[in-house]
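The sequence shown runs 1 to 113 under full-length UniProt numbering.
Where is the CB? At the ideal position from N, CA and C, for every residue including glycine.
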Amino acid sequence: MDGNLKAMPDTSRWVVIYPVYINSKKTLAEGRRICASKACENPTVVEIGDCCQYLRLPCAIEIDKAYSRDFMQRGRVRVQLKRDDGTLVNSAIPSRKSFHLRFSFAAKPVLTY
1 MDGNLKAMPD TSRWVVIYPV YINSKKTLAE GRRICASKAC ENPTVVEIGD CCQYLRLPCA
61 IEIDKAYSRD FMQRGRVRVQ LKRDDGTLVN SAIPSRKSFH LRFSFAAKPV LTY
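Right under this line is the structure:
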């Protein structure tokens with residue numbers, strides 16, 4: 001094998017983000033994790049992946065996975081919030097909840113008056 005190939009990171013300990021967590025069209029019972037006024041309308045896994053790149057967070061998109069409460073909702077994103085030694089990857093995002101809120105802020109279009 002070629003010695004230049006990097007080993008794939010172990011994503012099993014990364015945080016799982018389903019699009020339904022930040023979907024303003026879903027209810028809390030359906031899986032939304034933040035208030036509807038701060039959530040986004042129908043986010044996709046690609047948009048979540050783009051936001052992770054913008055926030056400089058390593059992520060892995062898993063298209064073949066489904067949300068357990070709504071199996072028709074396909075795809076999820078694994079995000080690394082903490083390194084193996086426990087330090088934060090991005091000090092501005094210490095928790096899952098703060099990631100959800102940061103994503104909703106970054107994904108909403110900026111209105112100009």
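- Query: Does the beta-carbon distance from ASN23 to LEU57 come in below 7 angstroms?
  - Reply: The answer is no: Cβ separation not under 7 angstroms.
- Who are LYS26's beta bridge partners in DSSP? Partner(s): none; LYS26 has no beta bridge.
- Query: Is the shortest distance between the beta-carbon of VAL16 and the beta-carbons of chain D less than 7 angstroms?
  - Reply: Among the chains of the structure shown, chain D does not appear; only one protein chain is present.
- If you run the structure through DSSP and keep just helix, strand and coil, what is ARG96? Note: ARG96 maps to helix in three-state DSSP.
- Whole-angstrom distance between ARG83 and VAL16, CA atom to CA atom: Cα to Cα, the separation comes out at about 15 angstroms.
- Identified DSSP bridge partners for ALA66: Partner(s): ARG74.
- Task: Just the C-alpha distance for VAL46 and ASP10, rounded to the nearest angstrom, thanks.
- Result: Distance between VAL46 and ASP10, taken at the CA atoms: about 21 angstroms.
- Item | Burial state of PRO94 (16 or more Cβ within 10 Å) | In the assembly as shown, PRO94 is an exposed residue. Its beta-carbon has fewer than 16 other beta-carbons within 10 Å.
- Query: Using the C-alpha atoms, what's the distance from CYS35 back to ASP85?
  - Reply: When the Cα atoms are used, ASP85 and CYS35 turn out to be separated by approximately 32 angstroms.
- Query: Looking at the unbroken alpha helix (DSSP H) that takes in VAL15, where does it start and where does it end?
  - Reply: First-last for VAL15: 15 to 17, but that is the beta strand (DSSP E), not the alpha helix (DSSP H).
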